[in-house]
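What follows is a single structure, written as structure tokens, with notes after it.
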Amino acid sequence: MQATDLDSIVIGGGFYGCSLASYLARTEGEQVAVLEASDELLQRASYVNQARVHHGYHYPRSLLTGLRSSLNFSRFIADHPGCIVDSFDHYYAIARRGSKVTAAQFARFCERIGAPLEAAPPEVARLFDPQRIERVFRVTEYALDARPLREQQRGALSRAGVSLSLGSPVRRLRAVAGGVEVSLSSVDGERTIRAARVFSCVYSRTNRLLAESGIAPIPLKHEVTEIALLEVPPPFDRMGVTVMCGPFFSCMPFPPLGAHSLTHVRYTPHAEWLDRADAPPPDPYALLDRFERRSRYAPMLRDAIRYLPGLAECRYAGSLWEIKTVLPRSEVDDSRPILFRRDYGMPRLSCLIGAKLDCIYDVIDEVRADPARQTA
Amino acid sequence: MKPAAADLFVSVVAPLHDDGDIVDAFVDETMRMLSEGYTNYELVLVDDGSRDDTVERASAQLRRYSCIRLIRLSRRFGQETAISAGLDSVIGDYVAVVLPDSDPPGLVPALVERSRSGTGIVFGIRRNRRGEPLWLRFGAGLFYGICNRLLGFQLPRNSTHFRVLSRQALNAVVQVKDRTRYLRTLSAYVGYGNQGFEYDPVTRRQPPRHKSVVESITLAINIVVANSTRPLRLVTWLAMLISGLYLLYMGYIVLIYLLKPRVAEGWVTLSLQSAVAFFFLFLILTVLSEYLGRLLGEVKEGPLYYVLEERNSSVLIADEERRNVVGHSVESDR
Chain A
5 MQATDLDSIV IGGGFYGCSL ASYLARTEGE QVAVLEASDE LLQRASYVNQ ARVHHGYHYP
65 RSLLTGLRSS LNFSRFIADH PGCIVDSFDH YYAIARRGSK VTAAQFARFC ERIGAPLEAA
125 PPEVARLFDP QRIERVFRVT EYALDARPLR EQQRGALSRA GVSLSLGSPV RRLRAVAGGV
185 EVSLSSVDGE RTIRAARVFS CVYSRTNRLL AESGIAPIPL KHEVTEIALL EVPPPFDRMG
245 VTVMCGPFFS CMPFPPLGAH SLTHVRYTPH AEWLDRADAP PPDPYALLDR FERRSRYAPM
305 LRDAIRYLPG LAECRYAGSL WEIKTVLPRS EVDDSRPILF RRDYGMPRLS CLIGAKLDCI
365 YDVIDEVRAD PARQTA
Chain B
49 MKPAAADLFV SVVAPLHDDG DIVDAFVDET MRMLSEGYTN YELVLVDDGS RDDTVERASA
109 QLRRYSCIRL IRLSRRFGQE TAISAGLDSV IGDYVAVVLP DSDPPGLVPA LVERSRSGTG
169 IVFGIRRNRR GEPLWLRFGA GLFYGICNRL LGFQLPRNST HFRVLSRQAL NAVVQVKDRT
229 RYLRTLSAYV GYGNQGFEYD PVTRRQPPRH KSVVESITLA INIVVANSTR PLRLVTWLAM
289 LISGLYLLYM GYIVLIYLLK PRVAEGWVTL SLQSAVAFFF LFLILTVLSE YLGRLLGEVK
349 EGPLYYVLEE RNSSVLIADE ERRNVVGHSV ESDR
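Which chain is which? The protein sequence lines are A and B, in order. With this note's numbering, letter number 49 in the first sequence gets 53, and the count goes up by one each step, no holes. With this note's numbering, letter number 276 in the second sequence gets 324, and the count goes up by one each step, no holes.
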């Protein structure tokens, strides 16, 4: 182990990167460094795409995803006090037309995964257009505030003794004896660090890093997404609403900005592309910066008003734009698997791409089961 | 709440069935009209189980223009149901129904303006039926005459599907639960200040497609049965009349039997009465079966139509990435 400076390097200071680094340092007693390209932790997908603490309700057509999500829910809540916003009621409404599940199927699904479900009170059910909504349920699902979560992660890193380098984009990786060499840019020019293991938690830019390191890209799908922010009138300000299960929408509190977010299956993804093995992958963030941001809040809101006429009184307060990266195969069956590739492209390099935040427990289980570590 | 013109969201619904030859020209013309006239708009194409290259051609247009949606029905449900599927899905403040082979999209902005200024529904009336076969013109005249005079429901002469509905009127139309739907009579039924406008239909296809005699008569019967119970009432009157006559006839027979010692002959009366009886019997059966069929149709549960898939526009995002960017094809899941 003389050749390496550290036990593990985690590339990417999002939620997954931070949680994984804290785990490695605290529980496994490793010497760990986190390298983050931007000037702050939890800036991108962890901040924008993850305002919902999933309880499984979202996946009525994938029992396994629903079940795992339901199991992780209470654990996630307990592990992240102060980041959970539960000061609102969350309702799931099943559409009459175009929904892939019926209200009865949804109720049965929730029963099977053990997620609590009750009929919405009449004064709430009345807010929905009965022509378009079959039934409304009250669910136990919360919103996440990314700001305290960021502070919590920062605190956890420092308590665990993880060395954190912000503003340090990683250029490329190279296999060396006994580990991986990481080249990164920093204020004092390019430098290299070696570690016995490297974890890539860079999400959208995974394939850029792999391509720079001469490794074949992973087939990934990227979407340019728009989340509209709304100031909603009472009683919607104390409500989160999700219409299931098809080309519908969700309107729920977005705690970091004190507004409601409106996302629509049809209008939120503006463009998408696939990373292919035979062409250099484009830089998603550069593409996002160049993207002509013509907001689609108007169609999102118009469709939402058809189901919830009272939303007509809300005010548009801007949009958040971000890249969402998914595994192409999850398109088919509604599941949201995480990607974990051990020894991808070179020995001791693990690539992981998350989906929902609570899947972090599955990631840590995977890392714990590393056969290389156990034999070493 | 009436939105300002700039804030107006206009939807266009167009049903497609085996329209591969005209869909490109139609989409080009409609999108030009929409993008010049409005900032917020959508074109919803509903494919009614086409068997030609309509879906392929429409999908190619989704990559050229943004703000188009293609809803594919799982099989052929008929033009009226296809329009209903589109109306269920549009999100606009005003929605125009445009038939690709005969309606000029260029008129939509003027119709939207008329709909905004007071009346909820503005419907098209074709100025002429030129180019239609003689029997169709004559039959149409007869049909409108019967509907308006005898059957007592208002179906404006030569009205077409081409129309603009306000959100309020559209919500009313969508709520009518009839399974056999005729947009023309539905929008007359909901009211909202129906207002006609005359226009010259275009012929985007040469030669234009016409309905066959059987299709036209079927359509006429369906519209009558869906909108009027007068034929059934007529049957009631007829049945009462005949049974009355038969009652008299029975009295007559009894009288003959009692008063005349020897009864013979009577071939004429016998055959005449059975002929009359059978004529009315079958006439009554015809009308009853028609209404019975309708009753069965309305009682049937389940969705009016099934959607196979929905596709959205995905214009490529940047030239240099073009080879890497794929179309936003099938609606993903929530």
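Positions of the beta carbon are idealized from the N, C-alpha and C atoms, including for glycine.
Task: Residue range of the unbroken alpha helix (DSSP H) whose run includes A130 (chain B) - done: Q127 to S137
Open item on the list: Using the three-state DSSP reduction, which class does D93 (chain A) fall into: helix, strand or coil?
Closed with: strand
Open item on the list: Please classify W183 (chain B) as buried or exposed, where buried requires at least 16 neighbouring CB atoms within 10 angstroms.
Closed with: exposed
Open item on the list: Using the three-state DSSP reduction, which class does M256 (chain A) fall into: helix, strand or coil?
Closed with: strand
TODO: Answer with buried or exposed for T422 (chain A), where buried requires no fewer than 16 other C-beta atoms within 10 angstroms of its C-beta.
DONE: Residue 422 (chain A) lies beyond the residue range present for chain A, which begins at 5 and ends at 380; the question has no answer from this structure.
- [ ] Please confirm if the segment 13 to 27 of chain A is in contact with the segment 352 to 366 of chain A, defined as three or more CB-CB distances below 8 Å between the two stretches.
- [x] yes
Open item on the list: I believe E77 (chain B) touches P153 (chain B) by the beta-carbon criterion, under 8 Å. Please report the beta-carbon distance rounded to the nearest angstrom.
Closed with: 5 Å
Open item on the list: On the DSSP letters alone, give me the boundaries of the alpha helix (DSSP H) that N88 (chain B) sits inside.
Closed with: N88 (chain B) -> not in any alpha helix (DSSP H); beta strand (DSSP E) instead, spanning N88 to D95.
Open item on the list: I'd like the span of the beta strand (DSSP E) that includes G244 (chain B), first residue to last.
Closed with: Q243 to Y247
- [ ] Determine the DSSP secondary structure at M81 (chain B), reduced to helix, strand or coil.
- [x] helix
Open item on the list: Short of 8 Å Cβ to Cβ, which residues in the segment 129 to 154 of chain A face chain B?
Closed with: Q135
TODO: Using a Cβ-Cβ cut-off of 8 Å, state whether P251 (chain A) counts as contacting chain B.
DONE: yes
TODO: Go ahead and pull the three-state DSSP assignment for F328 (chain B).
DONE: helix
Open item on the list: Could you check whether A181 (chain A) and P257 (chain A) sit closer than 8 Å to each other, using their CB atoms as the reference points?
Closed with: no
- [ ] Helix, strand or coil for Y311 (chain A), going by three-state DSSP, please let me know.
- [x] helix
Task: Close beta carbons around S31 (chain B), own chain, < 8 Å, minus the five adjacent residues each side - done: Because chain B in this structure spans residues 49 to 382, residue 31 (chain B) falls outside the shown range and cannot be described.
TODO: Starting from S362 (chain B), find everything on chain A with Cβ-Cβ shorter than 9 Å and list it in chain order.
DONE: P273, H274, A275 and E276
Open item on the list: What does the alpha-carbon distance come out to for the pair Q132 (chain A) and Y311 (chain A)?
Closed with: With the sequence shown as reference, residue 132 (chain A) is identified as Phe, and Gln is not the correct amino acid for it. Going from the Cα of F132 (chain A) to the Cα of Y311 (chain A) covers about 6 Å.
TODO: Report the rounded CA-to-CA distance for Y300 (chain B) versus F327 (chain B), giving the unit in angstroms.
DONE: 22 Å
Task: Exposure label - L330 (chain B); buried when at least 16 CB within 10 Å - done: Note on identity: in this sequence residue 330 (chain B) is Phe, with Leu being the wrong assignment. The residue in question, F330 (chain B), is exposed, as its Cβ has fewer than 16 Cβ neighbours within 10 Å.
Task: chain A contact for V145 (chain B) (CB, 8 Å cutoff) - done: no
Open item on the list: Using only the alpha-carbon positions, how far apart do V60 (chain B) and G118 (chain A) sit?
Closed with: 44 Å
Task: Heavy atom of the ligand NAP within 7 Å of L214 (chain A) beta-carbon - done: Only the bare structure without any ligand can be found here, which leaves the ligand NAP out of the picture.
Open item on the list: I want to see whether chain B comes within less than 8 Å of R242 (chain A), judged by CB atoms only; does it?
Closed with: no
Open item on the list: For K50 (chain B), which residues in the same chain have their Cβ closer than 6 Å to its Cβ, ignoring the five residues on either side in sequence?
Closed with: In this prediction, K50 (chain B) scores a pLDDT of 46, lower than 50, which makes its location untrustworthy; no coordinate-derived value is stated.
Open item on the list: I need the straight-line Cα distance from L203 (chain B) to L291 (chain A), nearest angstrom please.
Closed with: 55 Å
- [ ] Kindly indicate the opening and closing residues of the beta strand (DSSP E) around Y230 (chain B).
- [x] Segment: none, Y230 (chain B) is in no beta strand (DSSP E) and carries neither H nor E.
Open item on the list: Using DSSP's beta-bridge definition, name the partner residues of C355 (chain A).
Closed with: A:S204 and A:R345
- [ ] Report the rounded CA-to-CA distance for Q378 (chain A) versus F113 (chain A), giving the unit in angstroms.
- [x] Any reading at Q378 (chain A) needs caution, since the residue's pLDDT is 49, under 50, leaving its predicted position unreliable; the model's value is listed next. Going from the Cα of Q378 (chain A) to the Cα of F113 (chain A) covers about 39 Å.
Open item on the list: Check whether the segment 87 to 97 of chain B and the segment 111 to 130 of chain B are in contact - that is, three or more C-beta pairs closer than 8 Å.
Closed with: yes
TODO: Can you say whether N53 (chain A) is buried or exposed, counting buried as having 16 or more other CB atoms within 10 angstroms of its CB?
DONE: buried
Task: chain A contact residues for V170 (chain B), given Cβ-Cβ distances below 7 Å - done: By Cβ distance, chain A contributes nothing, its closest Cβ being about 21 Å from V170 (chain B), past 7 Å.
Task: Which of helix, strand or coil DSSP assigns to L324 (chain A) - done: strand
Task: Check whether L39 (chain A) and V174 (chain A) have beta carbons under 8 Å apart - done: yes
- [ ] State yes or no: is the beta carbon of D69 (chain B) nearer than 8 Å to at least one beta carbon in chain A?
- [x] no
Open item on the list: If contact is defined by three or more beta carbon pairs under 8 Å, each pair taking one atom from either stretch, is the segment 103 to 113 of chain A in contact with the segment 64 to 72 of chain A?
Closed with: yes
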